[in-house]
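This report concerns only the one structure given below.
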Amino acid sequence: MMIVDDESRTLAGLQRCLQWSDLNIRIVGQASNGRDAIQLADQLNPDIVLTDIRMPVINGIDLSRMLKKSVPRTKVIFLTAHMDPDYMKSAFKEGIVDYLLKPVNIKELEQTIRKTADICRQEKMEEQRLAELESMLRESLPLLQREFLESLVFGEMEAQEDIIERLESLELGIPTTGSYLALSIQLDDYAALKRQFSARDIGRLSKRLLREIKAAYDESGFVFELREAEYVALLHAAGSTANREGLAAEQVKALTKDINRVLNETVGQNATIGIGHWVDNLEKLKDSYSTALHGSLYVAQPDSNSYKMIERLKTIMKERFAENLSIGLLANEVFISPHHMCLLFKKITGETINGYLTRIRIEEAKKLLMQGTKKLPEVCLEVGYTDPKYFSKLFKKHTGTNPSDYKKA
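Numbering (the working numbering), first residue to last: 12 to 420.
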């Protein structure tokens with residue numbers, strides 16, 4: 012607390028009238044006029060200023076106004092010998108918390124100081140709480156940003172107003188007007204990446220990709236990891252989609268090559284990169300992403316890691332053909348997205364995953380049927396099918412013969 016009064020006897024009396032330490036109050040300074048009080052307050056930043064209202068040089072009203080600007084958290088209590096309603100009205104406009112009449116009643120002084128000190132403590136606690144909340148928000152901001160971007164590409168946010176509001180609060184830096192395009196970047200061998208690099212290093216990959224995109228692409232962009240093995244790049248351009256489609260097509264294709272170069276240099280990986288179409292607002296970004304994921308894709312030349320991954324898939328299917336091997340389950344086994352896995356398998360082997368698995372199962376069924384020791388339903392179950400009718404239809408499609416006839420032959 013700081014005390015300000017132009018009467019030296021009042022200054023001395025206020026310092027001695029109470030055991031300030033019992034109130035958890037420490038008097039840090041005193042001044043005899045408003046000008047000195049301002050200079051001292053700037054240095055000491057007191058929680059409370061107890062000041063006379065009528066003083067030479069700078070009076071209490073002007074002092075309160077100046078303190079409000081320089082040390083806004085400081086609480087001002089006025090001392091006055093005369094209760095002037097208009098004067099006090101001006102004082103409260105300048106933000107004083109209370110006033111005391113001279114000569115000061117010690118009990119009233121103690122009550123007023125206690126009340127004001129409580130206000131200061133509550134405000135500090137609130138400031139600390141807000142600071143902690145802000146710190147927590149800062150720590151969780153990357154996760155909140157990623158969740159928001161996921162909701163954008165999956166079409167879970169529909170109102171443009173909500174999207175713009177979230178963009179601003181999450182500090183993403185993505186412009187709210189113009190044209191947008193999504194790229195789906197699917198790593199060819201995420202399992203190898205996880206073996207070779209730490210989670211932190213993998214996390215840095217999106218930042219490296221973003222730097223590359225900004226260097227190669229004149230407009231703004233953003234990159235985030237959508238799920239294991241897949242990154243999404245969002246590109247922005249000023250102007251309408253009609254002006255962007257032809258103009259930017261070659262530039263975006265060139266960018267996909269730059270992305271693969273970076274992946275090769277940093278983590279020894281190639282990627283399958285899907286190019287979406289330009290859309291004219293963020294609500295439609297899901298359509299661009301859908302095009303990128305399922306439409307015409309730029310597929311890099313498979314590297315050794317890709318071939319190893321395909322061989323691993325073949326081994327799984329040969330060893331576990333009797334199980335219910337779904338595309339999703341197989342993709343989880345090799346740490347890659349289902350769509351990307353199917354693309355690579357087809358590119359490298361020339362046949363689909365389902366086609367390859369069916370061929371293995373039919374060959375195994377032939378062997379079991381030739382042995383002649385098992386009934387058709389048993390053979391059906393042992394090669395991974397639960398419906399004998401469906402199995403018989405599939406067997407005839409691939410061999411030209413019913414299972415029962417093949418067994419007799």
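All residues carry an ideal CB built from backbone N, CA and C; glycine is no exception. Since this is a predicted model, take the numbers as computed values, not measurements.
- If you look at F159, you'll find it in the alpha helix (DSSP H) that goes 117-164.
- Buried is the label assigned to K297, since at least 16 other Cβ atoms lie within 10 Å of its Cβ.
- If you draw a straight line from the Cα of A42 to the Cα of P153, it is about 50 angstroms long.
- In the DSSP assignment, F233 is bridged to L245.
- Within the same chain, I59, K86, I88, V108, D109 come within 7 angstroms of T127 by CB-CB distance, once the 5 residues on both sides are set aside.
- Around the beta carbon of E143, fewer than 16 other beta carbons sit within 10 angstroms, so the residue counts as exposed.
- Within the segment 176-200, no alpha helix (DSSP H) run of at least 4 residues lies entirely inside it.
- With contacts defined by Cβ atoms closer than 8 angstroms, V345 and R323 form a contacting pair.
- R20 sits in a helix when the DSSP states are folded into three classes.
- Exposure of F165 is indicated by the presence of fewer than 16 other C-beta atoms within 10 angstroms of its C-beta.
- C131 and Q30 have their C-alpha atoms roughly 19 angstroms apart.
- Residue range 399-410 is occupied by the alpha helix (DSSP H) that includes F402.
- According to the DSSP secondary-structure assignment, V394 is paired through a beta bridge with no residue.
- Counting the other Cβ atoms within 10 Å of the Cβ of I117 gives fewer than 16, which makes it exposed.
- The beta-carbon distance between L246 and Y191, rounded to whole angstroms, is 7 angstroms. This is short enough to meet the 8 angstroms contact definition.
- The Cβ atoms of A52 and S81 sit closer than 8 angstroms to each other.
- DSSP, read as helix, strand or coil, puts K86 in strand.
- Taking the CA atoms as reference points, K79 sits about 25 angstroms from E119.
- The secondary-structure analysis by DSSP pairs A282 across a beta bridge with L198.
- M352 and D199 have their alpha carbons spaced roughly 8 angstroms apart.
- L336 sits in coil when the DSSP states are folded into three classes, being neither helix nor strand.
- Residue L387 holds the alpha-carbon nearest to the alpha-carbon of N413 among E176, E158, L387.
- When DSSP states are grouped into helix, strand and coil, I14 belongs to the strand group.
- Residue state for G40 is assigned as strand, using DSSP reduced to three classes.
- In the DSSP annotation of this structure, I69 is not part of any alpha helix (DSSP H), being labelled neither H nor E.
- Within the same chain, Cβ atoms closer than 7 angstroms to the Cβ of K407 are found at N413, the five residues on either side in sequence being excluded.
- DSSP, reduced to helix, strand and coil, places R238 within a strand of the structure shown.
- Within the same chain, and ignoring the five residues on either side of I321 in sequence, the residues whose Cβ sits closer than 7 angstroms to its Cβ are L355, F356, I359, T360.
- Comparing C-alpha distances from V290 to each of L163, L178, R76 shows the shortest one belongs to L163.
- Per DSSP, D33 is not a residue of any alpha helix (DSSP H), being assigned neither H nor E.
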